[in-house]
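The next block holds one structure in the form of structure tokens; read it before the comments.
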Amino acid sequence: MDHFLYRDGQLMAEDVPLARIADEVGTPVYVYSAATLLRHFTLFDDALGKMPHLVCFAMKSLSNIAVLKLLGDAGAGMDVVSEGEYRRARAAGVPGERIVFSGVGKTRHEMRVALEGGIRQFNVESEPEMQALSEVATAMGVIAPITVRVNPDVDAKTHAKISTGKKEDKFGIPIGRARDVYRVAAALPGLKVVGIDVHIGSQLTDLAPFEAAYIKVAELTEALRADGHEITRLDLGGGLGIPYMRNNEAPPLPMEYGALIQKCVGHLGCEIEIEPGRLISGNAGVLLSKVIYNKSGEGREFLIVDGAMNDLIRPAMYEAHHDIVPVIEPSPGVARQTYDVVGPICESGDTFAKERVMPPVKEGELIAFRSAGAYGAVMSSEYNSRLMVPEVLVQGDQFAVIRPRPTYDEMISRDRVPEWL
Ligand code: LLP
Numbered sequence: 131m132d133h134f135l136y137r138d139g140q141l142m143a144e145d146v147p148l149a150r151i152a153d154e155v156g157t158p159v160y161v162y163s164a165a166t167l168l169r170h171f172t173l174f175d176d177a178l179g180k181m182p183h184l185v186c187f188a189m190k191s192l193s194n195i196a197v198l199k200l201l202g203d204a205g206a207g208m209d210v211v212s213e214g215e216y217r218r219a220r221a222a223g224v225p226g227e228r229i230v231f232s233g234v235g236k237t238r239h240e241m242r243v244a245l246e247g248g249i250r251q252f253n254v255e256s257e258p259e260m261q262a263l264s265e266v267a268t269a270m271g272v273i274a275p276i277t278v279r280v281n282p283d284v285d286a287k288t289h290a291k292i293s294t295g296k297k298e299d300k301f302g303i304p305i306g307r308a309r310d311v312y313r314v315a316a317a318l319p320g321l322k323v324v325g326i327d328v329h330i331g332s333q334l335t336d337l338a339p340f341e342a343a344y345i346k347v348a349e350l351t352e353a354l355r356a357d358g359h360e361i362t363r364l365d366l367g368g369g370l371g372i373p374y375m376r377n378n379e380a381p382p383l384p385m386e387y388g389a390l391i392q393k394c395v396g397h398l399g400c401e402i403e404i405e406p407g408r409l410i411s412g413n414a415g416v417l418l419s420k421v422i423y424n425k426s427g428e429g430r431e432f433l434i435v436d437g438a439m440n441d442l443i444r445p446a447m448y449e450a451h452h453d454i455v456p457v458i459e460p461s462p463g464v465a466r467q468t469y470d471v472v473g474p475i476c477e478s479g480d481t482f483a484k485e486r487v488m489p490p491v492k493e494g495e496l497i498a499f500r501s502a503g504a505y506g507a508v509m510s511s512e513y514n515s516r517l518m519v520p521e522v523l524v525q526g527d528q529f530a531v532i533r534p535r536p537t538y539d540e541m542i543s544r545d546r547v548p549e550w551l
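Residue numbers for the sequence shown follow my numbering, beginning at 131 and rising by one.
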């Protein structure tokens with residue numbers, strides 16, 4: 131459930147009409163609902179129930195510091211994958227002890243920044259990284275807490291570009307080698323092993339791959355304990371999928387996911403961390419856009435809108451489906467139309483939807499791309515020298531611009547012409 135509903139004939143974000151935001155901020159613009167973000171965080175928090183746990187928001191999905199502050203103040207931790215994300219989390223007031231550092235290529239500099247600023251744990255993904263982290267920590271006179279990310283060789287049955295838990299993927303160390311790798315880690319002076327990490331992919335719509343991976347992690351926990359390691363923490367990654375309103379898909383609920391975790395690893399007495407991104411932010415955001423032209427092509431009707439692939443790249447990159455709805459509520463029984471919904475960018479990939487059957491919309495009218503809160507704004511760019519898309523946060527009847535649209539002067543003045551030209 132989210133808080134983008136029609137009321138009095140208009141699509142609202144909580145108690146604010148989206149049309150009002152379009153009027154005041156312009157389009158395209160991302161609009162997030164604070165109540166939806168908090169609700170989704172709480173669902174996970176509740177789902178893990180009495181197990182000691184921390185829900186670390188995968189902030190790669192939506193990293194505006196206003197959103198991070200909202201979730202951080204509610205008790206969320208953060209899963210970060212770069213110095214930039216670490217700095218954003220800290221700027222939002224999230225304490226280091228609630229930040230986990232993931233990623234296959236952390237640099238020594240990034241390790242130093244996190245150790246200086248405070249960190250809950252590094253999720254280490256290779257032996258060379260382990261070596262580097264131990265050296266950095268030793269030089270600083272500190273001990274770095276780590277988990278090792280294991281690759282369980284489980285097929286997440288999701289889009290190839292976002293599957294991460296098969297043996298041919300670049301992530302983690304093969305689970306079959308884990309005992310050897312933990313032995314190496316335990317012998318390194320700058321590291322303290324605290325647990326195990328796993329993440330098998332994103333937009334999973336079935337619990338079975340999670341179950342397969344978590345059972346392997348439970349077995350590994352016992353084997354590592356028998357080897358003398360203190361395994362007190364399990365980071366079980368993110369990846370639970372959301373409904374994108376295609377084919378009435380119904381991914382499992384956080385409550386079912388929590389019950390699965392309890393069943394697979396609850397008996398081990400570990401502190402549980404999870405790293406959900408999309409399920410918290412995805413349906414908490416829409417991309418609001420305006421129709422520039424209705425254009426008739428050869429047997430096709432094009433809806434040319436002012437948002438483009440630089441603002442929302444998911445359809446071009448992952449063939450992703452985003453529901454598209456008019457901001458003015460269509461009258462019941464109105465005849466649907468079939469559109470190709472496209473942006474103004476000069477390549478055919480700038481297509482949001484082909485042959486989409488939806489209520490008719492006309493030039494000048496507003497539409498909303500649903501489920502765009504996750505991996506929307508964070509993946510936007512200035513391609514075609516279009517201005518970076520702004521972001522707005524709604525809470526109740528108030529809204530605020532949390533990232534303004536830059537001016538053209540601001541965009542252009544970032545470039546430098548060398549003296550010798
Ligand atoms: N933890 C790790 C280590 C990850 O790599 C990811 C996502 C997550 C957590 C969060 O996964 P989530 O709960 O959001 O599924 N840009 C793509 C998604 C890339 C996901 C990358 N890793 C998209 O737009 O679908």
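Don't be surprised by glycine CBs; every beta carbon is placed ideally from N, CA and C.
In this text the structure is predicted, and so the values were computed from the model without any measurement.
Whole-angstrom C-beta distance between residue j and residue i, which should lie under 8 angstroms
| i | j | result |
| --- | --- | --- |
| E129 | H329 | No information on residue 129 is available, as it lies outside the stretch 131 to 551 that the chain covers here. |
| V457 | L148 | 5 angstroms |
| G247 | Y216 | 7 angstroms |
| L417 | L442 | 5 angstroms |
| G139 | E459 | 5 angstroms |
| V508 | S191 | 7 angstroms |
| G320 | T268 | 4 angstroms |
| L245 | V224 | About 16 angstroms separates the two Cβ atoms, so there is no contact after all. |
| Y344 | C400 | About 11 angstroms; that fails the 8 angstroms criterion. |
| D470 | F529 | Contact doesn't hold; Cβ gap of about 32 angstroms is too wide. |
| L168 | A204 | 6 angstroms |
Cβ neighbours of residue i in the same chain (closer than 8 angstroms, five flanking residues each side left out)
| i | result |
| --- | --- |
| V324 | Q251, P275, I276, T277, E360, I361, T362, R363 |
| C476 | N514 |
| V464 | P489, P490 |
| G207 | L184, V185, C186, F187, V224, R228, I229, V230, R250, E403 |
| H239 | E213 |
| A152 | V159, L418, K420, V457, L496 |
Distance CB(residue i)-CB(residue j) smaller than 8 angstroms
| i | j | result |
| --- | --- | --- |
| I410 | H183 | no |
| I497 | I434 | no |
| V197 | Y162 | yes |
| M241 | A221 | no |
| G295 | P282 | yes |
| P520 | A483 | no |
| P158 | G437 | yes |
| Y387 | L370 | yes |
| M488 | R516 | no |
| D480 | M439 | yes |
| V421 | K492 | yes |
| V524 | A164 | yes |
| N253 | V230 | yes |
| E257 | V314 | yes |
| I402 | L366 | yes |
| N413 | G503 | yes |
| T335 | E379 | yes |
| M181 | G396 | yes |
| R500 | M375 | yes |
| G506 | G358 | no |
| D327 | R279 | yes |
| V264 | L318 | According to the sequence provided, residue 264 is Ser. The question's Val does not apply to it. A contact, by the Cβ cut-off of 8 angstroms. |
| I273 | Q333 | no |
| E255 | G302 | yes |
Close beta carbons around residue i, own chain, < 6 angstroms, minus the five adjacent residues each side
| i | result |
| --- | --- |
| L337 | P382, L390 |
| D132 | T166, N413 |
| G226 | G247, G248, I249 |
| P384 | L173, F174, A177 |
Own chain partners of residue i with C-beta closer than 7 angstroms, once the 5 adjacent residues on each side are dropped
| i | result |
| --- | --- |
| K300 | V234 |
| K188 | Per the sequence shown, residue 188 should be read as Ala rather than Lys. The residues are D209, G368, E405, P406, G407. |
| P339 | V284, D285, A286, K287, I330 |
| K297 | N281, D283, P304 |
| P373 | E379, A380, P381 |
| P534 | P520 |
| R430 | D470 |
Min CB distance residue i to chain D below 8 angstroms
| i | result |
| --- | --- |
| R238 | In summary, chain D is missing from the structure at hand, where a single protein chain is found. |
Contained beta strand (DSSP E) runs [length at least 3] in the region 410-435, N- to C-terminal order: 415-426, 431-435
Minimum length 3: unbroken beta strand (DSSP E) runs contained in the region 425-500: 431-435, 454-456, 467-472, 481-488, 496-499
3 or more residues per run - each beta strand (DSSP E) lying fully within the region 159-205: 159-163, 183-188
Runs of alpha helix (DSSP H) lying entirely within the region 281-335, each at least 4 residues, in chain order: 308-317
Sequence ranges, beta strand (DSSP E) only - wholly within the region 343-401, length at least 3: Look at the region 343-401 and you find these whole runs of beta strand (DSSP E), each 3 residues long or longer: 363-365.
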